[in-house]
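In UniProt numbering, the protein residues as written are 9 to 337.
We put the beta carbon where it would ideally sit given N, CA and C, even for glycine.
What follows is a set of notes on a single structure, which appears directly below.
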Amino acid sequence: IKTRALEAAQAAEDAAALEAVRIEYLARKGLLPKVMQELKNVPAEEKPVFGKTVNELKNELTELIKTKQAEFSTGGASAGAGFDLTQPGQWQGLGTRHPITQITDRITQIFQTLGFTVADGPDIETVFNNFDALNTPADHSSRDEQDTFYLNNGDLMRCHTSPVQVRYMMENKPPIRIISPGRCYRRDTPDATHSANFHQVEGLFVDENVSLADLKGTLSYFARELMGPKVNIRFRPHFFPFTEPSVEVDFTCHVCNGKGCRVCKNSGWIEILGAGMVDPNVFGNVGYDASKVTGFAFGMGIERITMILYGISDIRNLYENDVRFLSQF
Ligand code: PHE
9 IKTRALEAAQ AAEDAAALEA VRIEYLARKG LLPKVMQELK NVPAEEKPVF GKTVNELKNE
69 LTELIKTKQA EFSTGGASAG AGFDLTQPGQ WQGLGTRHPI TQITDRITQI FQTLGFTVAD
129 GPDIETVFNN FDALNTPADH SSRDEQDTFY LNNGDLMRCH TSPVQVRYMM ENKPPIRIIS
189 PGRCYRRDTP DATHSANFHQ VEGLFVDENV SLADLKGTLS YFARELMGPK VNIRFRPHFF
249 PFTEPSVEVD FTCHVCNGKG CRVCKNSGWI EILGAGMVDP NVFGNVGYDA SKVTGFAFGM
309 GIERITMILY GISDIRNLYE NDVRFLSQF
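In C-alpha cells:
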C-alpha cells in the first residue's frame, strides 16, 4: 500500500488528480482508515507496530500531498494548463500612509525620544472621565449637548483626549510620562477647518517639582523637531478647567523639510496647542496627593498641524480618501 500510495501522489499531474489520491487513501472512507479498522483483529503484541506503521504512512502521504498542492496553487514547477507563466504581472501601485497617520507617528516619535510612552483610551467615555474628573464645572459650555455627542446610556463621545490623563493616573502612580494620540468628537458643522471628528495628541508629565519651565523646554524641543530649527514658541495666558495656570502655545510658522523652509501664509505666530500645569483638583480626583506632585499636560489637534505642515487648506480633504489627494504625501 505504501509504495502504491506514495507513487500515485508523486505521479499526480494536477490538483484534481492529487485530490483523487487523497480521497482514495486518506478520506474518511479511504483505504488507510479501513486498514486502521483492522487494528482490532491484530494480535495484541503486534498492535503498537501496526498502528505506528499506518500512522507514519498517513503522515508521509499527507505531507507529500500538501507540498504538491502548494506547488500547483502557486503555479510552481508543474503548473497546470490555463496559466500563462510568461504573462507580465499587473502593477497595483504602492499605498502610502495617510497624512494624519504620518504626522501622528512623527509627533509620537519625537516624544518617545524624550522618554514618553504611548497610552490609549476609548472613544466612548464616561461623563466623569471626560468632564468631572477634569475639574470641568457643571455649567461649562463644552458639556452642552450642542457641543458634545451624548449616548442614550449617559456616556458620551470624548470631546478631547484629556480623559486618558484621568484613566492613566487612576491606574498608575507617578512619575508619569505619557502621550496619547486618538480620535475626538464634537458637534461641529463641517467646513474647511471643522470636522465633527478629528484627532488630538494628549501629553501628561507628573513627578515631583515639575514646573512651567519644564513644559516650555519640552514644547520648544518638540516644536523644533517637528518644524525645524528656526521655530520659536510663545505662551499666551488662557483658561482650561483642568490646568492652572493654563496657556495657549503658538509656534512661529516656518515649515522646513528636506527641500528647505517656507514661511506660512499669515506669517507670524500660529496657535498650535493648549497646555498648562495640572490643576491640583485633578490630582485630588484621581487619588494623588497634590502636595507631593506637580505636572504639566498639553493637547494638540493633529489635523491642524498636518494642514500647516503639508500646506493643506481644507480639512475635508483629509477624510475623503481621494487617491489623487492621498498619493501626494
Ligand atoms: N483638552 C484641551 C482641548 O481639547 C487641550 C488641553 C490638554 C489643554 C491638556 C491643556 C492641557 O482643547
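- M235 places its beta carbon less than 8 Å from that of H262.
- The C-beta of R242 has fewer than 16 other C-beta atoms within 10 Å across all chains shown, which makes the residue exposed.
- Residue environment for P107: buried (at least 16 other C-beta atoms within 10 angstroms of its C-beta).
- If the five residues before and after V50 are omitted, its C-beta is found closer than 7 Å to the C-beta atoms of F58, all from its own chain and listed in chain order.
- Counting C-beta atoms within 10 angstroms of its own C-beta, A146 has fewer than 16 neighbours from the protein chains shown and is therefore classed as exposed.
- Where P189 is concerned, the enclosing beta strand (DSSP E) starts and stops at 184-193.
- Residue environment for F80: buried (at least 16 other C-beta atoms within 10 angstroms of its C-beta).
- Contact fails between the stretch 222-236 and the stretch 194-206, because fewer than three Cβ pairs, one in each stretch, are under 8 Å apart.
- For the options Q100, K66, N329, the alpha carbon positioned closest to that of G38 is the one of K66.
- Secondary structure note for E216: it is in no alpha helix (DSSP H), with a DSSP letter that is neither H nor E.
- The Cβ atoms of T169 and E133 do not sit closer than 8 Å to each other.
- Taking the C-beta atoms as reference points, L281 is found nearer than 8 Å to G307.
- Secondary structure note for S81: its alpha helix (DSSP H) is the uninterrupted segment 55-81.
- Taking 7 Å as the cut-off, one finds at least one heavy atom of the ligand PHE near enough to the beta carbon of G307.
- Around the CB of Q173, 16 or more other CB atoms lie within 10 Å, so the residue is classed as buried.
- Looking at the backbone, the Cα of V294 and that of P198 are separated by about 35 Å.
- Residue pairing of Y158 in beta bridges, as defined by DSSP: L164.
- Collapsing the DSSP output to three states places V290 in a helix.
- E256: member of the beta strand (DSSP E) spanning 251-260, first to last residue.
- Annotation: the continuous beta strand (DSSP E) that includes V271 extends over 268-271.
- Note that the C-beta distance between T125 and I186 is below 8 Å.
- The continuous beta strand (DSSP E) containing R244 extends over residues 241-248.
- A Cβ-Cβ contact shorter than 8 Å links A305 with T251.
- In the same chain as I310, and ignoring 5 residues on each side of it, the C-beta atoms closer than 8 Å to its own belong to I108, I111, T112, I115, P189, F206, H207, Q208, V209, in chain order.
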